[in-house]
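What follows is one structure encoded as structure tokens, with my remarks underneath.
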Amino acid sequence: MTDTPTHAPQGNDAKLGPVARFIRDTELDTRMLGMVGALLLIWFSFHLYGALINGEGVFLTPRNLWNLSVQTSMTGIMATGMVLVIITRNIDLSVGSIVGVTGMVMGLMQVEILPQYLGLGNPATWMITVVAGLIAGTAIGAFHGWLIAYRGIPSFIVTLGGLMVWRGVAFLSAGGRTISPVDETFALLGGGPKGSIGAMGSWLVGLLGCAAILWILRSGRAARKKHGFALRPMWAEYALAAIGCGALLGAVLVVNAYPWPKGILKQMNLPEDTFVSHGFAFPVLILAVVGILMTILMTRTRFGRYVFAIGGNPEAAALSGINTRWVTLKIFALMGMLAALAAVVASARLNSATNALGDLDELYVIASAVVGGTSLAGGVGTIYGAIIGALVMQSLQTGMVLIGFGDGSYRKIVVGVALVLAVYLDNLYRKKTK
15 MTDTPTHAPQ GNDAKLGPVA RFIRDTELDT RMLGMVGALL LIWFSFHLYG ALINGEGVFL
75 TPRNLWNLSV QTSMTGIMAT GMVLVIITRN IDLSVGSIVG VTGMVMGLMQ VEILPQYLGL
135 GNPATWMITV VAGLIAGTAI GAFHGWLIAY RGIPSFIVTL GGLMVWRGVA FLSAGGRTIS
195 PVDETFALLG GGPKGSIGAM GSWLVGLLGC AAILWILRSG RAARKKHGFA LRPMWAEYAL
255 AAIGCGALLG AVLVVNAYPW PKGILKQMNL PEDTFVSHGF AFPVLILAVV GILMTILMTR
315 TRFGRYVFAI GGNPEAAALS GINTRWVTLK IFALMGMLAA LAAVVASARL NSATNALGDL
375 DELYVIASAV VGGTSLAGGV GTIYGAIIGA LVMQSLQTGM VLIGFGDGSY RKIVVGVALV
435 LAVYLDNLYR KKTK
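15 is the number of the first residue of the sequence shown in my numbering; add one for each residue after it.
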């Protein structure tokens, strides 16, 4: 075999422990490993605490993990966009209000406007509604980006104003009413027993995902070899494949272990002892698709390189010929579109559009991105880190409820402490790597 190993044998290899050598040879991101370790610690801590207090741990159960994945989806979708905003040294405080106003736009579209022209239950209703919501969110985000990039108003001020303006618009658009129920097909996008793909669909997703992981590893190795770059040892490639496929197939087993409730079985005229798996919920699949597309955008396109260049040094990026103002406008337009997509999931899950939709979500989205390793100093951040950060934040909130601290005040305290701690650790990490 003529492959060149990643690291030539060195005398100091003997000083490295097996874990350090494993991380070095597999090239795993140490920040990601730290976040995953923290996530697992949170999960096991809440589960064991529940077992000690109540005699039964309820956190690490298929039902709770399935619900946790659905609850994380909305925040995770927006956090992927917030990464780009923060990397370029900006901030967006308006995403929660954009969720509220676009959710209300979609609620009015499918409940009061479209039925007048298409009738009730028309199969085109949900599609037109989603498109209208995405266009509205993109337009709002682009307007914010124009004010920031072309009028020179700081992003903090623009989006703080947007937080208040769009929340007021959401209230006035429906006169403070709750708009419900939404279209039946639209409601499936929020998850639930009928808003999931079932056992067979989940296994298909899992197998396709494993095939994609193997293809990525193989094509990445071929690209390295073609350009003469050092290669990972083959055992490291196999280890990465095993970790990726193992995690994905493990997730399939968990979501398939959560059955439909008896009430739904009765509605479907099925015997109460019938076991029907939920499988992956649509919001989780939407988050997965968004995560993949955003990762490709950030790592495989010129736009992604421009984003990191602006975050690293805005002045140097402008002098190098990058149209920083146009890139900034597109970033905020993309953020608005993702907030509208999150509104699709949120309103579908609630089966209604309410004035409280997205309230304070901007804080959790920013916290998710920062906890996931996005530096407020700019220039550093990953999409997968933001999604893991969203899962960490949602795990903290869910765990607090399960162990008896359901009061929102406790959850806000925990989220606030986690955010400050994440920024402090980021500062330590940057000082260490300088």
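Cβ coordinates follow ideal geometry from the N, Cα and C atoms, glycine included.
If you're wondering where the values come from, they're calculated on a predicted model, not measured in any experiment.
P76 has no beta-bridge partner at all, per DSSP. Each of G215, D440, I380 was checked against the Cα of L263, and the nearest Cα belongs to G215. Contiguous alpha helix (DSSP H) elements confined to the region 316-373 occur at 316-326, 328-333, 338-364, taking only those with 4 or more residues. Scanning its chain for C-beta atoms nearer than 8 Å, with the 5 sequence neighbours on each side dropped, one finds around V219 the residues I211, V266, F294, L299, in chain order. Taking all protein chains shown into account, I427 has fewer than 16 neighbouring C-beta atoms within 10 Å of its C-beta and is therefore exposed. Secondary structure of A52 (DSSP, three-state): helix.
Counting the other Cβ atoms within 10 Å of the Cβ of T313 gives fewer than 16, which makes it exposed. For P129, the enclosing alpha helix (DSSP H) stretches over residues 128-132. Taking a contact as a CB-CB distance under 8 Å, the pair L301 and S87 counts as one, their CB atoms being some 4 Å apart. Assignment of P137 by DSSP, reduced to helix, strand and coil, places it in the coil class. Contact annotation: S409 and L53 have beta-carbon atoms nearer than 8 Å.
One Cα belongs to A391, the other to K208, and the distance between them is close to 43 Å. The straight-line gap separating the alpha-carbon atoms of L307 and N68 is approximately 42 Å. The shortest C-alpha to C-alpha distance from G430 to any of T388, V379, K446 is the one to V379.
Each of L364, M96, V358, F170 was checked against the Cα of T388, and the nearest Cα belongs to M96.
With contacts defined as CB atoms closer than 8 Å, P297 and G204 qualify as a contacting pair.
Just so you know, the alpha carbons of A34 and V406 end up roughly 25 Å apart.
Taking C-beta atoms as the reference points, I336 and A323 count as a pair closer than 8 Å. The three-state secondary structure of A404, taken from DSSP, is helix. Looking at the backbone, the Cα of E126 and that of L62 are separated by about 49 Å. Under the DSSP assignment, E376 falls in the alpha helix (DSSP H) whose first and last residues are 375-385.
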